[in-house]
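In the numbering used here, the protein residues as written are 24 to 378.
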């Protein structure tokens, strides 16, 4: 008998709205994640006290842990502290560093994890990976996908615009990552998951074509949904393939060669745009260029304070950051001279699109 369906791990609850933090206890009880509020609430040092004050009335039995997140040491320390009692769930409230720390610690001890995002800087809010610093640099660790994903637009709106802009870059880069995956399938016969591609690309397409601004609730909701779909797509695929291609290789190279240049989202957005140009897709290139420009993201290396020579060096180095991944960069295998020539053509194409 043929296999007619498959089981896909997804969050039990996805909620994107204002006031979500204050209603956290009710949301968890409604989905039977925690009826009595016996949870571990993990917050960062920034807005932690304000967040705890808002959710404490509905989570009277919760223990609160403040972490200076983003490192493997912080995640292991949190994991050790979670052994003090039995918890229904670990609630990671905050930005990417806090959430990744909570995801790793919860996975280590087999506790369900709930993401409550107060910023929309990347797709880590729903992904099965945690990006954490260690002595040798930064590592990506496999973790359980969150059992619930909640986004509070009040906090997102009041946060830095740069974080939201970074999230836009990360979300729309999925169109380039999926194109790279399709290329690897066509050229090398790499297995591809159509459902994962559909989820990742649908969210990115909705964002690219949305006419709103980062001050609009409708646009922020679309951004949140795009990032969530990207994270779920990686869970479906069993890898980051639908959300990470040549665009991420370029960003990783910039981080390695010129650390502190820009945010992850800014860099992958620029990487996606350049890879789309190399792929020879003028319609998609125009859509992506206009979207990034409209929301104030980088479209040329100079926007990230990189010289052309530095960007060429990053593109040359990029394939070494993910030797197992086949993208347009590996496919073309451009020399430094060829990359410099294509970058000059790229600059001209940007001027034609943006004036």
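Quick reminder that beta carbons are idealized off the backbone N, C-alpha and C, glycines included. These figures come from a predicted structure and were not determined experimentally.
Quick one, are the C-beta atoms of residue i and residue j less than 9 Å apart?
i, j, result
"residue 48", "residue 195", "no"
"residue 74", "residue 66", "yes"
"residue 38", "residue 179", "no"
"residue 337", "residue 254", "no"
"residue 226", "residue 249", "yes"
"residue 156", "residue 94", "yes"
"residue 232", "residue 189", "no"
"residue 260", "residue 202", "no"
"residue 436", "residue 329", "Shown here, the chain extends from 24 to 378; a query on residue 436 therefore has no answer."
"residue 308", "residue 324", "no"
"residue 197", "residue 135", "no"
"residue 116", "residue 187", "no"
"residue 199", "residue 103", "no"
"residue 332", "residue 363", "yes"
"residue 34", "residue 171", "yes"
State the CB to CB distance for the pair residue i and residue j, rounded to an integer number of angstroms; the pair is presumed to be in contact (CB under 8 Å).
i, j, result
"residue 182", "residue 315", "The pair is not a contact, with the Cβ atoms about 20 Å apart (cut-off 8 Å)."
"residue 113", "residue 97", "The pair is not a contact, with the Cβ atoms about 14 Å apart (cut-off 8 Å)."
"residue 378", "residue 177", "Residue 378 to residue 177, Cβ: 37 Å. No contact."
"residue 151", "residue 258", "5 Å"
"residue 327", "residue 290", "7 Å"
"residue 64", "residue 87", "5 Å"
"residue 229", "residue 256", "That belief does not hold up - the Cβ atoms of residue 229 and residue 256 are roughly 14 Å apart, past 8 Å."
"residue 295", "residue 143", "Not a contact, Cβ separation roughly 17 Å."
The beta strand (DSSP E) spanning residue i covers which residue range?
i, result
"residue 153", "152-157"
"residue 117", "112-117"
"residue 40", "36-40"
What first and last residue would you give for the alpha helix (DSSP H) that runs through residue i?
i, result
"residue 312", "305-317"
"residue 273", "269-280"
"residue 144", "No alpha helix (DSSP H) contains residue 144, which DSSP labels as neither H nor E."
"residue 134", "Neither: residue 134 is in no alpha helix (DSSP H) and is coded neither H nor E."
"residue 288", "287-301"
"residue 352", "351-355"
"residue 338", "331-340"
"residue 371", "359-377"
"residue 266", "Per DSSP, residue 266 belongs to no alpha helix (DSSP H) and is neither H nor E."
"residue 99", "95-104"
Please check if any C-beta of chain D sits within less than 9 Å of the C-beta of residue i.
i, result
"residue 40", "No chain D appears in this structure, which consists of one protein chain only."
At 4 residues or longer, what runs of the alpha helix (DSSP H) sit wholly inside the segment 50-91?
71-78
Contact between the segment 339-355 and the segment 272-281: three or more CB pairs below 8 Å?
yes
Quick one: complete beta strand (DSSP E) runs, 3+ long, within the segment 163-219?
171-175
Determine, using beta-carbon pairs with one atom in the segment 161-170 and one in the segment 120-132, whether at least three such pairs fall under 8 Å.
yes
Hey, is the segment 41-56 in contact with the segment 78-92, meaning 3+ C-beta pairs nearer than 8 Å?
yes
Is the segment 298-307 in contact with the segment 348-357, if contact means three or more CB pairs nearer than 8 Å?
yes
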